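Student: Sending over a structure as structure tokens; questions will come in a sec.
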Amino acid sequence: MSRLTPRTVLLGLAAPLGALVFAALVCAVILIATGHSPADTVQAMITSGKRPRTLVNSLNSATNYYLSAVAVAIGFRMNLFNIGVDGQYRMAALLAAGFAGATWIDSVPGPIRIIGTIMVAMIVGAAWAGIAAILKVARGVSEVISTIMLNAIATYLGQYLLLKLAVPVAGSNNIGTRPITEGGQIPGFDWPGSTSKVYGLVILAVLVGVVYWFVLTRTRFGFDIKATGMSESAAVASGVSVKRMVLYSMLLSGGIAGLVGMPQLLGSSHSYSLDFPAGLGFIGIAVALLGRNHPAGMALAALLWGVLDNAANSLDVAGVPKEIVAIMQGVIVLSVVVAYELVRRYRVRYEQQKVGRELGMTRVPAAAGVGA
Amino acid sequence: MTATGLSVGVETAPAVRPARRLAARWYLLIVLAGLAVVSLVRVITGAEDLTSSGTVGAALTAAVPIAMAGLGGLWAERAGVVNIGLEGMMVLGTWGAGFAGYQWGPWAGLVFGVVLGALGGLLHAIATVTFGVDHIISGVAINLLAPGAALFLSKQYFSDAPGGGQKQSPPITDAPRVSIPGLSSALDTLERKHWFLVSDLAGLLRGLTVNVSLLTIIAVLLLVGTLLVLWRTPFGLRLRSCGEAPVAAESLGVNVYKYKYYAVIGSGVFAGIGGAFLAISSSQFRDGQTGGRGFIGLAAMIFGNWRPGGLAAGAGLFGYTDAMQLRGSDAVHALLLLLAIALLVLAVVQFLARHRVISAVAAVLGVAFGWWYFASDQLPPELVGSAPYVVTLLVLALAAQRLRMPKADGKIYRRGEAV
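Protein sequence lines, in the order shown, are assigned to chains R and C.
Counted from 1, the first sequence has number 267 at position 204 by our numbering; the numbering is strictly sequential.
Counted from 1, the second sequence has number 551 at position 373 by our numbering; the numbering is strictly sequential.
This is the structure we're talking about:
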């Protein structure tokens, strides 16, 4: 939008960095107030974070978070709040797992199975988001409300469908879908010093990021999305059908949301079960906010979130409740949006002053000329 | 992301509708007719639990937290601030009630729940009113923050307490319960006769008058109090004007920021009460105790068209389906028939009002649910939990043109900036 000068870069970075520092300070105060040592806590997290295993898990978490963030960001760019990524991803992962784990599919060649599974996930995600999109364009129902409702419905419907699709998991009282057999899985990458592998679908996340960047910056569709987000009335005036844009971008957002569960499903768990993480959609919102909907910014934010989450797992052992990290994440989100707002206000005032100064400059010589 | 979403597809309700207010006795008649239908379904299906006093009592207990969350939403949205952080504020309330409740009793628990809920509201007010952050984003952030904070504090303070654990507080004593003397046994006899309508009325009355928690009575008073304060006092008028036309309000000398602060902090207080009620009535704090009730409260408020009376009806309905889940599968199955009848009635009403499309959709859905009832033996309990959400979506989809939210709801207001 604006030219890159040291000042704009600094202002752009000031908000996220300021928010991180502020969140760290808040957490330090909380830790001291509850009788823990902030230094020891950080030490424990760094020690844990250096382990190869934690790094691999962080990268894997970040993959999921990134996909979720892109799904959210597509909506954000046109002022559409897809709060329902969570439900879309869970419905998609469940039904895709049911599809990929079905007995008849074992004879289908591997690549076709994998592509089929991913297609099913995207279609289910898009369909679940499509309900909200149709309610929005046909009846004017706020997508925030309808996606919140759809999230909850997905939880209950998911439990019901899981019972229908489920086979008992050996050695626990967890239930899951029939495991995907060898051919339908996606192998991971080895990481030196760690037994767990990096999801093979980390490539898919990168790809989604690139496509997101390309669509938004290099296509007419992307331009229409951004135009609608900045000014609905201006977009309408220039011939954009906002209804169609809402429908398309919601379906697209839901389709990407459908991908969120795929790295874990095809890469490590191979079946959908009750312990699939809930709340990924909300993490996606946080990551998209922190990364300002920018493909690279969101990648950094997703990595930060992944590292924080996984390094925190060692804290309970160290005697500090690991939820301090959840508090930190919440404070980051809240303070980063406040910081963006403050920076925006500062920038507006600065530009107004600059314009004022420049206007003043041009008038001074003229006045001097008159006097002479 | 500064504006408040797209306005596409939104049909605003006609500004001036002919005033057609029903007299109180008509409402009473509608309620009675509804009860008669439920009673009929009970007689047909033999699911006695549909209107038993046990169900009604459980529904009342389940409805109170939902109604309190809904009141929280009502206060905030009437002043123009959307609050989807209600869930998080409720979580804070449950922890507060657990912390103070096990040490100093239920009333201290209530007070602590209120204080913590108010803190959550204050946070939302600072973010949305002072800093002009988007309301949805602030709410999401609070929903991320609050459960983390509650679990952190729970591990910190309950792990070593006697009877407590990492994710739960030691037991809290329940608030005192009262009954209207002399009614219980008579109503009980009537209820056991299983007569059409009479036994149902007896079950309803018995559920509402026997062994009622004092907290429930407080909740009812708060509901009535909200109606009086928001609609019958100058304070309420000013508060609502901030939700309808903040610029106009400011020009008439109303301090919009101040009223928004009052409203959003009040919103947190109600959510905190709801959370405290949950913790006290289930006699301890547990992690994940709220289970999305903040969102159901929001749904109840929308269902009730941003009015206290409608909100109470919504909360009652959702509390009823909540209570049903714990009853036998017969009763749950009978709910399908009830839903089918309700949709068919709606279809007729809409047809008479010349909304052909909506009428057709409602009729198709009604027939589908009816078919489902007769084609199946039972309804999976997993699906019953989704009833409040499905009903809300249906209401939004079928009756959106009758809903009217505050005009400036969710819009960021900055003093001195043109809209």
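C-beta: ideal position from N, C-alpha, C; glycine also.
Please read these numbers as outputs of a predicted model, since none were measured by experiment.
Whose CA, out of 247(R), 391(R) and 354(R), lies closest to the CA of residue 132(R)?
Tutor: The residue with the shortest Cα to Cα distance from residue 132(R) is 354(R).
Student: Which residues in the same chain have their Cβ closer than 6 Å to the Cβ of residue 556(C), if we skip the five residues on either side of it in sequence?
Tutor: 507 and 511
Student: In the DSSP assignment, find the unbroken alpha helix (DSSP H) run with residue 238(R) in it and report its ends.
Tutor: No alpha helix (DSSP H) contains residue 238(R), which is instead part of the beta strand (DSSP E) from 238 to 240.
Student: Go to residue 254(R), then tell me how far its beta strand (DSSP E) extends in each direction, as first and last residue.
Tutor: That run of the beta strand (DSSP E) goes 252 to 254.
Student: Beta strand (DSSP E) containing residue 272(C): first to last residue?
Tutor: Per DSSP, residue 272(C) lies in no beta strand (DSSP E) segment; the continuous alpha helix (DSSP H) that holds it begins and ends at 264 to 282.
Student: Helix, strand or coil for residue 111(R), going by three-state DSSP, please let me know.
Tutor: helix
Student: Report the three-state DSSP secondary structure of residue 349(C) (helix, strand or coil).
Tutor: The answer is coil: DSSP assigns residue 349(C) none of H, G, I, E or B.
Student: How many angstroms separate the CA atom of residue 437(C) from the CA atom of residue 250(C)?
Tutor: 15 Å
Student: For the alpha helix (DSSP H) that residue 199(R) lies in, which residues bound it at each end?
Tutor: 173 to 202
Student: Quick one: does residue 536(C) have its CB under 7 Å from some CB of chain R?
Tutor: no
Student: Can you tell me whether residue 338(C) is buried or exposed? The criterion is at least 16 other CB atoms within 10 Å of its CB, across all chains shown.
Tutor: exposed
Student: Using 8 Å as the threshold, is the region 144 to 154 of chain R in touch with the region 389 to 399 of chain R, meaning 3 or more CB pairs across them?
Tutor: No, because fewer than three Cβ pairs between the region 144 to 154 of chain R and the region 389 to 399 of chain R fall closer than 8 Å, the two stretches do not touch.
Student: Hey, could you find the ends of the alpha helix (DSSP H) residue 100(R) is sitting in?
Tutor: First-last for residue 100(R): undefined, no H or E at that position.
Student: Grouping DSSP H, G and I as helix and E and B as strand, with all else coil, what is residue 586(C)?
Tutor: coil
Student: May I ask which residues mark the beginning and end of the beta strand (DSSP E) holding residue 312(R)?
Tutor: Residue 312(R) -> not in any beta strand (DSSP E); alpha helix (DSSP H) instead, spanning 305 to 322.
Student: I need the straight-line Cα distance from residue 465(C) to residue 202(C), nearest angstrom please.
Tutor: 43 Å
Student: Would you call residue 348(R) buried or exposed, if buried means 16 or more other Cβ atoms sit within 10 Å of its Cβ?
Tutor: buried
Student: For residue 316(C), go through chain R and note every residue whose CB falls closer than 8 Å to its CB, in chain order.
Tutor: 397 and 400
Student: With 7 Å as the threshold, decide whether the Cβ of residue 223(R) is near any Cβ in chain A.
Tutor: Checking the listed chains, one finds no chain A in this structure; the protein chains it contains are R and C.
Student: At least one CB of chain R closer than 7 Å to the CB of residue 585(C): is that the case?
Tutor: no
Student: In terms of alpha-carbon separation, which member of 109(R), 89(R), 223(R) and 190(R) lies closest to residue 371(R)?
Tutor: 109(R)
Student: Hey, how far is the Cα of residue 521(C) from the Cα of residue 365(C)?
Tutor: 32 Å
Student: Can you name the residues of chain C whose CB is closer than 8 Å to the CB of residue 257(R)?
Tutor: Here the premise fails: no neighbours, minimum Cβ distance about 28 Å.
Student: On a CA-only basis, which of 540(C), 234(C), 583(C) and 491(C) is nearest residue 401(C)? Give me that one, please.
Tutor: 491(C)
Student: Under 7 Å between C-beta atoms, does residue 507(C) make it to chain R?
Tutor: no
Student: Residues of chain R with CB closer than 7 Å to the CB of residue 483(C), please, in chain order.
Tutor: Those within 7 Å of residue 483(C) in chain R number zero; the least Cβ separation is about 13 Å.
Student: Counting only Cβ pairs nearer than 9 Å, list the residues of chain C close to residue 336(R).
Tutor: Within chain C, no residue comes near residue 336(R); the closest Cβ sits about 15 Å away, beyond 9 Å.
Student: What residues are listed by DSSP as bridge partners for residue 231(R)?
Tutor: Its beta-bridge partners are 238(R).
Student: Just tell me which of 320(R), 381(R) and 72(R) has its CA closest to the CA of residue 439(R).
Tutor: No answer is possible for residue 439(R): it lies beyond the span of chain R, which begins at 64 and ends at 435.
Student: Here's a check: name, in chain order, each residue in its chain whose Cβ is nearer than 6 Å to the Cβ of residue 146(R), leaving out the five neighbours to either side.
Tutor: Same-chain partners within the cutoff: 207, 210 and 211.
Student: Measuring alpha carbon to alpha carbon, tell me which of 406(R), 305(R) and 390(R) ends up nearest residue 290(R).
Tutor: 305(R)
Student: Can you say whether residue 500(C) is buried or exposed, counting buried as having 16 or more other CB atoms within 10 angstroms of its CB?
Tutor: buried
Student: Please list, in chain order, all residues of the same chain as residue 374(R) whose beta carbon is under 7 Å from its beta carbon, the five residues on each side excluded.
Tutor: 108, 111, 112 and 117
Student: Please check the pair residue 318(R) and residue 188(R), which I expect to be a contact at CB under 8 Å, by giving their CB distance rounded to whole angstroms.
Tutor: 5 Å
Student: Kindly identify the DSSP beta-bridge partner or partners of residue 390(C).
Tutor: 356(C)
Student: Kindly say whether residue 570(C), judged by its beta-carbon, lies nearer than 7 Å to any beta-carbon of chain R.
Tutor: Judged by the 7 Å Cβ criterion, residue 570(C) is in contact with chain R.
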